[in-house]
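Novice: One structure, pasted below without further comment.
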Amino acid sequence: MHVCLTPTGDIAQTGPTLQKLRPKIGLVGLNFLDLFEVYRPRLLRSMVELLAVEGSKLHLRFRDPPHTTLKGVLVPDGLGGAVVNLSFGISVVDAVRDYDLSGSDFAATDLTIEMLYLVEAKSAAMEASRTLNKRLQGARIAAEEQAFTDTLTGLKNRRATDHILERLARRGRDFALMHLDLDFFKEVNDSLGHAAGDYVLQQVARILVGETRKDDTAARVGGDEFLMIFVGLSDRQRLSNMAERIIARLERSMPYEGQWCQISGSIGITLSNGRRDAVLANFMHEADQALYVAKRGGRAQHRFYDATMAQTAEGNAPGTG
């Protein structure tokens, strides 16, 4: 990256890398100040003025695009001409990209090579950091998902439902909360074993997933207790039809290793009804009370919460099995 200048300021010789920056024109014979604009020091318009700043750092750029900036130092050759040694300075990274330069375009002693190595090392380190961050983020998401998931059924767990209900209540979103408790599940465990019970729970989970939409939630919150959260749904008839459909599907015998598992389900339902300041526990308590009434009424049925249930179910909780 050098040019040899004649006493008139014309280019007599150039280094191969400088010529590579302007491959379509021959640089030899051009006037140095016609090719470059020297913007520091200012007002250098002749060879005489260039020679007057010998040894000083020159800041210059190509007059034609791309206007790559360069740094240079001029040294007189003793014959009226001069040699100008050029470098890219901090713009070396852009120059390497723009002109497709490689290590062979620089002298082995040029500190530019060291800078390129540092840039490459920095890029590699940043890429490794991005990769590590993605892995850590993936691990964090997986851990959070696991913390909110029931491992047996793949449904959400109670921790997840608490979080979802708190968020919905805080945002004032309407929702319906459906509490399902399995009937006769204890008999399955006692007669066929816990493996059969686990199988039944997994089948129940499949049924509930089939009844929920993308933004809804199905969760297992106890041994044989499940919750469903239906966002934006307050149509009692639609919810009633859904509950009846779930109960009907639960009553179908489930085959397990040549035997039949027979259960049913009772459901309690409560609606948020636009309540903005309700405590989370109140929704859960209302669904529990409605479930208790459904259980007491003969099981395999559903009930909607109403205020009259508060006294009827006071101090009671739905039984399991």
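The opening residue of the sequence shown carries number 248 in this note's numbering; numbering runs sequentially from there.
Ideal placement from N, C-alpha and C gives every residue a C-beta, glycine not left out.
So, at 7 Å on beta carbons, what are the nonlocal neighbours of A560 in its own chain, with the 5 sequence-adjacent residues on each side left out?
Specialist: Bear in mind that a pLDDT of 48 at A560, under 50, signals an unreliable position, so the model cannot answer this.
Novice: So, are the CB atoms of V447 and M501 less than 7 Å apart?
Specialist: Yes; because the gap between Cβ atoms is below 7 Å, this pair is in contact.
Novice: If you reduce the DSSP assignment to three classes, tell me which class E413 lands in.
Specialist: In the structure shown, E413 sits in a helix (DSSP, three-state: H, G or I).
Novice: Looking only at its chain, what residues have a beta carbon closer than 8 Å to the beta carbon of D257, apart from the 5 residues adjacent to it on each side?
Specialist: Answer for D257: G276, L277, N278 and F279, listed in chain order.
Novice: Can you name the start and end residues of the beta strand (DSSP E) that I258 belongs to?
Specialist: Looking at the DSSP string, the run of the beta strand (DSSP E) that includes I258 is I258 to T261.
Novice: With three or more C-beta pairs closer than 8 Å as the rule, is the segment 409-422 touching the segment 431-451?
Specialist: Segments in contact, no.
Novice: Over what stretch of residues does the beta strand (DSSP E) that includes G512 continue unbroken?
Specialist: Segment S511 to L518, the beta strand (DSSP E) holding G512.
Novice: Counting Cβ pairs, one atom from each stretch, are 3 or more of them under 8 Å apart for the segment 287-303 and the segment 259-276?
Specialist: Contact between the segment 287-303 and the segment 259-276 is absent, because fewer than three Cβ pairs lie under 8 Å.
Novice: In whole angstroms, give me the CA-to-CA distance for Q548 and R387.
Specialist: About 41 Å.
Novice: Just the C-alpha distance for T400 and R499, rounded to the nearest angstrom, thanks.
Specialist: If you take the alpha carbons of T400 and R499, they lie about 19 Å apart.
Novice: Counting Cβ pairs closer than 8 Å, one from the segment 504-518 and one from the segment 439-453, do we hit at least three?
Specialist: With the cut-off at 8 Å, the segment 504-518 and the segment 439-453 touch.
Novice: Could you tell me the alpha carbon to alpha carbon distance between L317 and S370, rounded to whole angstroms?
Specialist: Between L317 and S370, the C-alpha separation is close to 24 Å.
Novice: When the Cα atoms are used, what is the spatial distance from E458 to M489?
Specialist: If you take the alpha carbons of E458 and M489, they lie about 7 Å apart.
Novice: Let me confirm a value: N520 is counted as buried when at least 16 other C-beta atoms fall within 10 Å, else exposed. Which label applies?
Specialist: The residue is exposed, with fewer than 16 neighbouring Cβ atoms inside 10 Å.
Novice: What does a CB cutoff of less than 6 Å around G336 pick up in its chain, not counting 5 residues either side in sequence?
Specialist: These residues qualify, in order along the chain: K318.
Novice: Assuming the contact rule is C-beta atoms closer than 8 Å, Y552 and G515 should be a hit. Round their C-beta distance to whole Å, please.
Specialist: Y552 to G515, Cβ: 7 Å. Contact.
Novice: So what does A465 bridge to, in DSSP terms?
Specialist: BP columns for A465 point to M475.
Novice: In angstroms, rounded to a whole number, what distance separates the CA positions of V451 and I494?
Specialist: Cα to Cα, V451 sits roughly 10 Å from I494.
Novice: Since I believe L307 is in contact with V320 (beta carbons under 8 Å), could you give me their beta-carbon distance rounded to a whole number of angstroms?
Specialist: In fact, because the Cβ distance is near 11 Å, the residues do not count as touching under 8 Å.
Novice: Could you tell me which of R550, E374 and M425 sits nearest to F530, measuring between CA atoms?
Specialist: For the residues R550, E374 and M425, the minimum Cα distance to F530 belongs to M425.
Novice: First and last residue of the beta strand (DSSP E) that includes E284?
Specialist: Unbroken beta strand (DSSP E) run through E284: F283 to R287.
Novice: Rounded to the nearest angstrom, how far is the Cβ of H249 from that of V330, given a contact under 8 Å?
Specialist: Right, their Cβ atoms sit about 6 Å apart.
Novice: Is D257 close to chain B? Criterion is C-beta to C-beta, closer than 7 Å.
Specialist: No chain B is present in this structure, which holds just one protein chain.
Novice: For E533, I'd like the list of residues in its chain whose CB is within less than 7 Å of its CB, leaving aside the five on either flank, ordered along the chain.
Specialist: Within the same chain, E533 has close Cβ partners T517 and Y552.
Novice: Using 8 Å for Cβ pairs, my map puts A466 next to T408. What's the rounded Cβ distance?
Specialist: Indeed, because the Cβ distance is near 5 Å, the residues count as touching under 8 Å.
Novice: In this structure, does DSSP put D428 in helix, strand or coil?
Specialist: Correct three-state label for D428: strand.
Novice: Leaving out five residues on either side along the sequence, give the residues of the same chain with a beta carbon under 8 Å from the beta carbon of T396.
Specialist: Hits under 8 Å: L402, K403, N404 and A407.
Novice: Over the uninterrupted beta strand (DSSP E) stretch that includes V320, give me the two end residues.
Specialist: T316 to P323 is the extent of the beta strand (DSSP E) around V320.
Novice: Would you kindly report the start and end of the unbroken alpha helix (DSSP H) that includes M531?
Specialist: M531 -> alpha helix (DSSP H) spans L527 to R543.
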